[in-house]
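Enquirer: Under this note's numbering, think of the first position of the sequence shown as 631, with each following residue one higher.
C-beta atoms are modelled at their ideal positions from N, C-alpha and C, and glycine is treated no differently.
Got a structure for you, questions after.
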Amino acid sequence: MAEETGISWCDRTWSPWIGCTKISPACDGCYAAHLMDTRLGRVEWGPHGERSRTSESYWRQLAKWDREAKAAGRTISVFPSLCDPWDNAADPGIRREWFAVMRETPHLLHLLLSKRPQNAVAMAEAAGGLPENAALGATCENQEVANRNVRHLLDAARDLRPAFSFVSAEPLLGPIDFTRIVYSMAGDFTVVRDALKDCDVERIDWVITGGETDQGGHKARPTNPQWFRDIRDACAAAGVPYHHKQNGEWVSVSEVEGPGEIHEFDDGRCVRRTGKRKAGRTINGVEHNGMPSSVPPTLASRCGREG
């Protein structure tokens, strides 16, 4: 668990505990579970896992990074990559301690990405309230999950007022239209929201996409490159920062030439299995490295913020 990270959308990774329970299709190829099972020899996944608190020396890294950020006059972003912040099985006492340390490290930006955004409000309030230097994120791998998780994310953002709200569509396993999120249904009446443009209420402030990678016996499922393009274009139209992390093991045949297994989607688009490194992280030859403003919402208009 090194200080630096190869994740393109954050500066550091750090986790208050280790472990989680798989709850969605995006969890099938969990890199964190594979890492713990193979390299670190600790199985912490599942409903009865220990969710072991990380060491005291490891926790002191946050204060060290905060001093570094202050001295450099910048913000360092930190992602808890080996746990879910709103995990039902995690010790609430560790979460309270974690949130207290967040408040003591104001030059760090904590990126709280979760597959359980429905738990955010109650668990944050039980931990003393969401720190101002925390952003709320939700993983959405297809439209069905997006309809559920975006609604919970935006409701939580309305109540908790995070630094910003974001979505990680990685691994992207199906098309997602963030401009048409099913927000509620009552009989034949359906409320659909544009989660990228609505300015009278909370909206998504940042979108990350990525393809899946192999993890042990789990082989990556291919992503249709048009799904990436559609999200990219919707973000551009709404002025929402867009970040494409990786294509994964598969990449559009128009993006990378050479040998490799071909998968054809129903729309006729084809991807080639080249491996993560060769597949890269470009879409139509372009990298997308959009990042949100990290200022608290009290200091900037949520609807006027530039990406």
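Does the stretch 808-815 come close enough to the stretch 839-846 to have 3 or more Cβ pairs within less than 8 Å?
Expert: Segments in contact, no.
Enquirer: With distances taken between CB atoms, is the gap from L746 to D717 smaller than 8 Å?
Expert: Taking the sequence shown and counting its residues from 1, the one referred to as residue 746 is at position 116. Taking the sequence shown and counting its residues from 1, the one referred to as residue 717 is at position 87. Reading the sequence as shown, one finds Arg at residue 746 and not Leu. A contact, by the Cβ cut-off of 8 Å.
Enquirer: Can you tell me where the alpha helix (DSSP H) holding V731 begins and where it ends?
Expert: Counting from one through the sequence shown, the residue named residue 731 turns up at place 101. It spans 722-734 - the alpha helix (DSSP H) in which V731 sits, taken as one unbroken run.
Enquirer: In the DSSP assignment, what residue or residues form a beta bridge with Y813?
Expert: Locating residue 813 in the sequence shown gives position 183, where the first residue counts as 1. Note: Y813 sits in no beta bridge, so no partner.
Enquirer: According to DSSP, simplified to helix, strand and coil, what is R899?
Expert: As a working mapping, residue 899 is identified with position 269 in the sequence shown. Reduced to three states, the DSSP call for R899 is coil.
Enquirer: With a CB to CB cut of under 6 Å and the five nearest residues on each side skipped, what residues in its chain are close to A754?
Expert: Stepping through the sequence shown from its first residue, residue 754 is reached at position 124. Closer than 6 Å at Cβ, skipping near neighbours: L760, L790.
Enquirer: What did DSSP end up calling K875 once you bin it into helix, strand or coil?
Expert: As a position in the sequence shown, residue 875 is number 245, starting the count at 1. K875 falls in the strand class under three-state DSSP.
Enquirer: Measuring only the C-alpha atoms, how far is K906 from A764?
Expert: Working through the sequence shown from its first residue, we reach residue 906 at position 276. Working through the sequence shown from its first residue, we reach residue 764 at position 134. If I take the Cα positions, the gap works out to 30 Å.
Enquirer: Confirm, please, whether the CB-CB distance from S798 to A787 is below 8 Å.
Expert: Start at 1 with the first residue of the sequence shown, and residue 787 comes out as number 157. Start at 1 with the first residue of the sequence shown, and residue 798 comes out as number 168. Cβ distance not < 8 Å, so A787 and S798 don't count as in contact.
Enquirer: Rounded to the nearest angstrom, how far is the Cβ of S711 from that of S645, given a contact under 8 Å?
Expert: As a first step, residue 711 is located in the sequence shown; it is residue number 81 there, counting from the start. As a first step, residue 645 is located in the sequence shown; it is residue number 15 there, counting from the start. Indeed, because the Cβ distance is near 6 Å, the residues count as touching under 8 Å.
Enquirer: Could you tell me whether the Cβ atoms of R911 and Q856 are closer together than 8 Å?
Expert: Sequence index remark: in the sequence shown, residue 911 carries index 281 (1-based). Sequence index remark: in the sequence shown, residue 856 carries index 226 (1-based). No. Outside cutoff.
Enquirer: Count the other CB atoms, across all protein chains shown, that sit within 10 Å of the CB of F819; report buried if there are 16 or more and exposed otherwise.
Expert: Position 189 of the sequence shown, counting from 1, holds the residue named residue 819. So F819 ends up on the exposed side.
Enquirer: Use the C-beta contact count for S685: other C-beta atoms within 10 angstroms, 16 or more gives buried, fewer gives exposed.
Expert: If you number the sequence shown from 1, residue 685 lands on position 55. Flag for S685 reads exposed.
Enquirer: Any beta carbon from chain C within less than 8 Å of R833's own beta carbon?
Expert: Of the chains in the structure shown, none is chain C; there is only one protein chain.
Enquirer: Looking at G920: is its Cβ nearer than 8 Å to the Cβ of P871?
Expert: One-based indexing of the sequence shown puts residue 920 at position 290. One-based indexing of the sequence shown puts residue 871 at position 241. For G920 and P871, yes; Cβs fall inside 8 Å.
Enquirer: With distances taken from CA atoms, which of P852, K849, L742, K827 is nearest A866?
Expert: Counting from one through the sequence shown, the residue named residue 866 turns up at place 236. For A866, the nearest C-alpha among the options comes from K827.
Enquirer: Is R935 helix, strand or coil when you go by DSSP?
Expert: What you label residue 935 is simply residue 305 of the sequence shown in a count that begins at 1. With a pLDDT of 38 at R935, under the threshold of 50, the modelled position of that residue is not reliable, and the figure given next carries that caveat. Of the three classes helix, strand and coil, the one that applies to R935 here is coil, per DSSP.
Enquirer: Give every residue of the same chain whose Cβ lies closer than 8 Å to the Cβ of A825, excluding the five residues on either side of it in the sequence, and list them in chain order.
Expert: Here residue 825 corresponds to residue number 195 of the sequence shown, with the count starting at 1. Answer for A825: V780, L784, F808, T809, I811, R833, I834, listed in chain order.
Enquirer: Which of the three DSSP states is assigned to W857 in this structure?
Expert: Within the sequence shown, the letter at position 227 stands for residue 857. Reduced to three states, the DSSP call for W857 is helix.
Enquirer: Could you say which of N914, G817, E879 lies nearest to K908 if we only look at CA atoms?
Expert: Sequence index remark: in the sequence shown, residue 908 carries index 278 (1-based). For the residues N914, G817, E879, the minimum Cα distance to K908 belongs to E879.
Enquirer: Does G847 pass the burial test, meaning 16 or more other C-beta atoms within 10 Å, or should it be called exposed?
Expert: As a working mapping, residue 847 is identified with position 217 in the sequence shown. Exposed is the call here.
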